[in-house]
Amino acid sequence: MFYNRSMTHPKWHLPPDRYFDPDPTQRRIARELYESVADLPIVSPHGHVDPRLFADENATFGTPAELLIIPDHYVFRLLYSQGIPLESLGIPRRDGGLVEQDHRQIWQVFADNSHLFRGTPSGAWLAHELHVVFGVEEKLTGATAQMVYDQLEAKLATPEFRPRALFERFNIEVLCTTDAATDPLLHHQAIRDSGWSGDIRPTFRPDAVVNLLTPGWRDNIVALSEVSGVTVHSYPTFIQALEQRRAFFKSMGATATDHAAVSAYTAELSPEEADAIFQRALRGEATPDDARRFTAHTIMESARMSIEDGLVMQFHVGSVRNYDRLTFDRFGPDMGCDIPIQAEFTRNLRPLLNKYGNDPRLTLIVFTLDESTYARELAPLAGHYPALKLGPPWWFHDSVNGMMRYFQQVMETAGLYNTVGFNDDTRAFPSIPARHDLWRRVSANWLAGLVVRGIVDVDDACEMIQDTAYRLVKRAYKFNE
Amino acid sequence: MFYNRSMTHPKWHLPPDRYFDPDPTQRRIARELYESVADLPIVSPHGHVDPRLFADENATFGTPAELLIIPDHYVFRLLYSQGIPLESLGIPRRDGGLVEQDHRQIWQVFADNSHLFRGTPSGAWLAHELHVVFGVEEKLTGATAQMVYDQLEAKLATPEFRPRALFERFNIEVLCTTDAATDPLLHHQAIRDSGWSGDIRPTFRPDAVVNLLTPGWRDNIVALSEVSGVTVHSYPTFIQALEQRRAFFKSMGATATDHAAVSAYTAELSPEEADAIFQRALRGEATPDDARRFTAHTIMESARMSIEDGLVMQFHVGSVRNYDRLTFDRFGPDMGCDIPIQAEFTRNLRPLLNKYGNDPRLTLIVFTLDESTYARELAPLAGHYPALKLGPPWWFHDSVNGMMRYFQQVMETAGLYNTVGFNDDTRAFPSIPARHDLWRRVSANWLAGLVVRGIVDVDDACEMIQDTAYRLVKRAYKFNE
Amino acid sequence: MFYNRSMTHPKWHLPPDRYFDPDPTQRRIARELYESVADLPIVSPHGHVDPRLFADENATFGTPAELLIIPDHYVFRLLYSQGIPLESLGIPRRDGGLVEQDHRQIWQVFADNSHLFRGTPSGAWLAHELHVVFGVEEKLTGATAQMVYDQLEAKLATPEFRPRALFERFNIEVLCTTDAATDPLLHHQAIRDSGWSGDIRPTFRPDAVVNLLTPGWRDNIVALSEVSGVTVHSYPTFIQALEQRRAFFKSMGATATDHAAVSAYTAELSPEEADAIFQRALRGEATPDDARRFTAHTIMESARMSIEDGLVMQFHVGSVRNYDRLTFDRFGPDMGCDIPIQAEFTRNLRPLLNKYGNDPRLTLIVFTLDESTYARELAPLAGHYPALKLGPPWWFHDSVNGMMRYFQQVMETAGLYNTVGFNDDTRAFPSIPARHDLWRRVSANWLAGLVVRGIVDVDDACEMIQDTAYRLVKRAYKFNE
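Protein chains in written order, with my numbering: chain A, 1 to 481; chain B, 1001 to 1481; chain C, 2001 to 2481.
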């Protein structure tokens, strides 16, 4: 293939007032609010960055395709939706089948289809990464693809673009990873042992041992026994092992746990029923209803443990994982084919909230993919229960419009102070500053909209932007303590 | 405790163009439209103000805390959600347990936490009450709390701030209360007997005798027998008693009834089944399904009665009452912990609409807390059935954004003329002008938005603002007749 | 009745910048984008215009009432909702009962109530039809009604206002009708035989033979046998007959099929079960559950056939047809009383998408009336599956706000390139240019909003407006081929 390197292309840069409303008064206020927080440190309390990137000070990000395309299902799903095979993008197959190895060719396909990202959050983040993080001055198109690749490749070869260097340049105050209950946290230990000052903390995510239908669940229980030192043969020993792991995660800096479920269903089982289900699961005989009830019960148990050990509890509700059988069979999980469903919180959370929701020692942060629950259920619940807080717009809703809908539908009823600032929730490390910058800009624009409409005054807006950008997340996740 | 009274604080006032879009052209048109209705009388067809306030010409509102905090669950729920005990806000406990008695201290806690109300409708109403109704010139903060308290206390001691005086100053043309089917309406009678000219009308709300699961239902039936003079021992006598009460309410000025249910389910039972359920209920043996079907049937019966006696029928759907057991047990009902659920109207209302919906003698006004039903179900239904009208945005949606969503999602399909203007639905009497003013401003801004987008012309907008602010509500609730 | 013809009335015209935001910068960009596509040909891939209008070159539209009121349930539903009997609007009764015959009187009633259309899409389309298509210079009111009627009547009598002449003046490149599987397409054949150059194509809609509960289903099966030449006595012969008809429609220019269902439920039956249900249906013994499962299965079969014959598959989900029994009994179907219900796609489409969704030979275009599924389900699905595309906002949502919600809730996640431009879906032929013009204006305004917010640059916006206005629809419906 011929890669055109000789053409000259016009300079392109990100508009400095991006994401602000066009009205000059609102825009001026938005800009001033944004500027007051633009340089604050980034607090990233929930995400999926691989801690190995920071365990070895010489780790690198690889090629531009390895940095921006191959690991990012937000990106390759849009190419796939237009009929471009995942193999041609270098996505590894489970069966080891052949996939594209020429990363320049992968990059070219991506750039040839860059129009697919017009108006999408991935498009916005990529623009920020290329132009702000990497200093590229051309717009990415099929024609500029190889020229841009050259620049990225050269930068990635320098020490300034290694993970730890970018962590520092990005001004990240704390970054939390998400880790299985059975994870020995060796990379986190290596980071600590290395003497590097970056604050990277694990988060305790027990889904793979709590969800009885997880493939390999029994192996996970064996691993849980081994890593915890508690022989798990019953529901009480299962809980003991979880408590041991929580204590260990806490000793490694964790301030939070994370739980995912298809529905928000909570229910309390008797100890006998919990153990009977657990025994059936050990025998490989658990039914889908067993799994549903066991998860519902364990979510309540997790709230109880959080009251006792102080770990903040995150609850992500409403995604059908591995929806597309063909893609899952061929490429595995986390490949962009998890699809949301309707969620229900009012009835489903009632058992948990009735038991623990009035206890201010609990912080339960709920995330939804069903925006119809924002104003109808979650904001009224968060506006009453001391324990309940709303997480920021999640996943598909981590976008300009997603944020605006969140502000408009949540804030009047819940109040800003029952929300927790921003999560980037990303596995794409170089997109972190782009995502936080977008949140800060859209927050500033929302607040400027309140100021020009006489709903809050400028003094209040100045406090509120500090809260959305920095203070609320630190307080909710207990990073101040 | 030391209350600082000596500091000086900057003057603060409500922005005159509040709630209008910032675009200068839209803002100018919005202002002109607003000004054309700003001084129209207030028509309040649905709310929960206590008629006792007006039965005695010397009644007062008590302390500032008794006026603005203790009776207003919109206010104290936000303080509670941040971990402030309701006892510290003076909310009376059912068990007579000790609660804060120092109203200055309650006020101080409230003011110390006034940031919680930033951007909320309660914050907007409170600002209007303090600055417009009471003439306070300082922003309420922890520092100004006692100074503001002093001013409110002084005003509340004057005759100009008694309920009847404020009613007149607020320019209220008619105010409807909400009253149990068993209520003898003694306060309404006292108002009439007093010769005072204020037009205060009851509304017939039979929920406590219709919902078989209401605590104390059988006592309510006994009371219904007594007050109606009809011995209620069967379904037919139950209906007779309801008809007697409706006639009585009508004789006392009522033009409407009000019905609340968790779902919009309607269904017609045979007379035998209705009576069988009623007999089970009298024996204390009604099941939840009995109650559900009985309510569904009685809603249809109420439509039949409305066609006969001309009372407008209001139907409020979708709130789970007394959701939080702890708060309910300790403080009782209406404490800010009623939480919405998903609603369904298309299938649920079909029996009622098929039987009565084409009859123009019926006016059925539906209210929802599930905004996803606005454009999907309610606007198409109201855009077809002569009997069906949509109530204004309710409760959590009685807010700037709630109104905008309502205008945007309802009006294109239902048309303005299948809506009924505004309800304030409040138990907080001094918030009434704030709420109507907010509706008029947001309506004016919506209409100005249509004008600047060339969707309606200025002549039409001038008519439409009169309709939203005054004419539609009078027509729908038959106050013209 | 006296019709005032002598008054003079002020000139009235459509604002040239209608539907654009008021901000001067956004408005200027919106206008430029709009102007770049305003004169492009109209591509109308889905609608309900009667092909008879074009089969005879001398066909006319009749009176103004026959043109604009009597056949348009969008219009008369709003009059009916305010208590105006359909009989007084000339809507024919099934029983042949008397209805208003004086079309000037019908027009007067309509004009007297023109305020009902303020802010509605019908109001916008009517304004465009009167002022742009017919050159009327007065605003339609009760006072101008007869004067406007005179003008319309005079124009309709001229050759320039016959259907074929308007088709050419409207610059329609292709117009698709919707036709039953059993339709012999005689009018389409007559159009072809006439030598007229207008490109009018049929669309294959098999609902009346697929939905076992359709009134007259068995007669439809007899008709299917006759028209296809395949004796339909079993499920396999049913499928053969459908395949014959699809081939015939394709030979007549069809590029698409259309399927409607109350829910999006898909499921694969065994051949034995499919035939057993079919046999029960032939015996008149099919149950509602049989019908539901048979439709679910046939939708999957239709996807298989589309992969084989290349016909684009449209799927319209979520309307309860003939909701109002009284109106249906008296006036028949399609009378404005079809009401939407909640929709669910994630679980319902999974069987179909797992089997066929990864096959780029399939184009499945989904339409919803439940906007809560836009961001939650449809955009994520379309952003992954190569076969899936989203249809434009449908029916009640074919409006300024409906389009804005669609753009805001769909585009960030699905990307523009998984949508298919615009459908007018109308039976009101003269409203076609109004509807496409509105789409182009609102699209231009949406894109201008992205430009002023720095989300896309002007170059991209110039491409995107061509895509939304013209290119995407041609590509999706294979009109290029």
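For each residue, glycine too, the CB sits at the ideal point set by N, CA and C.
Using a Cβ-Cβ cut-off of 7 Å (strictly less than) and excluding sequence neighbours within five positions of residue i, which residues of its own chain qualify?
i	result
Val-232 (chain A)	Ile-221, Leu-224, Ser-225, Phe-238, Ala-241
Note down, in chain order, each residue of its chain lying with its Cβ closer than 6 Å to the Cβ of residue i, except the 5 sequence neighbours on either side.
i	result
Gly-2253 (chain C)	Arg-2201
Ser-1306 (chain B)	Met-1313, Leu-1362
Gln-1980 (chain C)	In the structure displayed, chain C extends from 2001 to 2481; residue 1980 (chain C) sits before or after that span and is not available.
Leu-2269 (chain C)	His-2297
Pro-2333 (chain C)	Asn-2322
Leu-447 (chain A)	Leu-33, Ala-461, Met-464, Ile-465
Tyr-470 (chain A)	Leu-40
Among the options, whose alpha-carbon lies nearest the alpha-carbon of residue i?
i	options	result
Thr-182 (chain A)	A:Phe-249, A:Ile-172, A:Arg-18, A:Val-99	A:Phe-249
Tyr-2019 (chain C)	C:Ala-2059, C:Pro-2121, C:Gly-2097	C:Pro-2121
Tyr-1477 (chain B)	B:Val-1109, B:Asp-1457, B:Gly-1310, B:Arg-1453	B:Gly-1310
Phe-479 (chain A)	A:Val-458, A:Ile-42, A:Glu-137	A:Ile-42
Ala-1296 (chain B)	B:Pro-1015, B:Leu-1212, B:Gly-1383, B:Gln-1189	B:Leu-1212
Phe-1367 (chain B)	B:Ala-1264, B:Asn-1445, B:Pro-1271, B:Asp-1039	B:Ala-1264
Tyr-356 (chain A)	A:Gly-83, A:Gln-408, A:Ala-303	A:Ala-303
Val-2458 (chain C)	C:Leu-2033, C:Trp-2012, C:Met-2411, C:Pro-2024	C:Leu-2033
Ile-29 (chain A)	A:Cys-462, A:Ser-399, A:Lys-474, A:Arg-475	A:Cys-462
Gln-2082 (chain C)	C:Val-2132, C:Arg-2052, C:Leu-2116, C:Gly-2097	C:Leu-2116
Val-1451 (chain B)	B:Gln-1026, B:Leu-1079, B:Leu-1186	B:Gln-1026
His-1397 (chain B)	B:Ala-1414, B:Val-1174, B:Val-1442	B:Val-1442
To the nearest whole angstrom, what separates the beta carbons of residue i and residue j, a pair I think is in contact under 8 Å?
i	j	result
Phe-1315 (chain B)	Leu-1364 (chain B)	6 Å
Ile-1432 (chain B)	Asp-1424 (chain B)	5 Å
Gln-1342 (chain B)	Asp-1370 (chain B)	6 Å
Glu-2377 (chain C)	Phe-2331 (chain C)	35 Å between Cβ atoms; not a contact.
Thr-1203 (chain B)	His-1009 (chain B)	That belief does not hold up - the Cβ atoms of Thr-1203 (chain B) and His-1009 (chain B) are roughly 43 Å apart, past 8 Å.
Using the C-alpha atoms, what's the distance from residue j back to residue i?
i	j	result
Ser-1228 (chain B)	Ala-1261 (chain B)	24 Å
Met-2335 (chain C)	Asn-2322 (chain C)	8 Å
Met-2404 (chain C)	Pro-1064 (chain B)	45 Å
Asn-58 (chain A)	Thr-177 (chain A)	20 Å
Asp-1207 (chain B)	Arg-293 (chain A)	35 Å
Arg-1205 (chain B)	Gly-1090 (chain B)	29 Å
His-1436 (chain B)	Ala-1038 (chain B)	9 Å
Met-2411 (chain C)	Ser-1197 (chain B)	57 Å
Pro-2392 (chain C)	His-1384 (chain B)	24 Å
Pro-2288 (chain C)	Val-2209 (chain C)	15 Å
Lys-389 (chain A)	Leu-381 (chain A)	9 Å
Ala-267 (chain A)	Gln-244 (chain A)	24 Å
Trp-2394 (chain C)	Gly-1284 (chain B)	50 Å
His-1048 (chain B)	Asp-1179 (chain B)	8 Å
Asn-445 (chain A)	Gly-2449 (chain C)	14 Å
Ser-2114 (chain C)	Glu-2087 (chain C)	18 Å
Arg-1475 (chain B)	Arg-1440 (chain B)	18 Å
So, at 8 Å on beta carbons, what are the nonlocal neighbours of residue i in its own chain, with the 5 sequence-adjacent residues on each side left out?
i	result
Leu-1416 (chain B)	Met-1464, Asp-1467, Thr-1468, Leu-1472
Pro-2430 (chain C)	Phe-2061, Leu-2067, Leu-2068, Glu-2129, Val-2133, Leu-2166
Counting only runs of 3+ residues fully inside the region 2236 to 2317 of chain C, write out the beta strand (DSSP E) ranges in chain order. The qualifying runs are 2256 to 2261, 2312 to 2317.
Beta strand (DSSP E) runs contained entirely in the region 156 to 217 of chain A, provided each spans 3 or more residues: 172 to 176
Let me know the beta strand (DSSP E) ranges lying completely inside the region 1368 to 1456 of chain B, each 3 residues or longer, listed in chain order. 1388 to 1390
With a floor of 4 residues, list each alpha helix (DSSP H) that falls wholly inside the region 1070 to 1109 of chain B, ordered by position along the chain. 1073 to 1081
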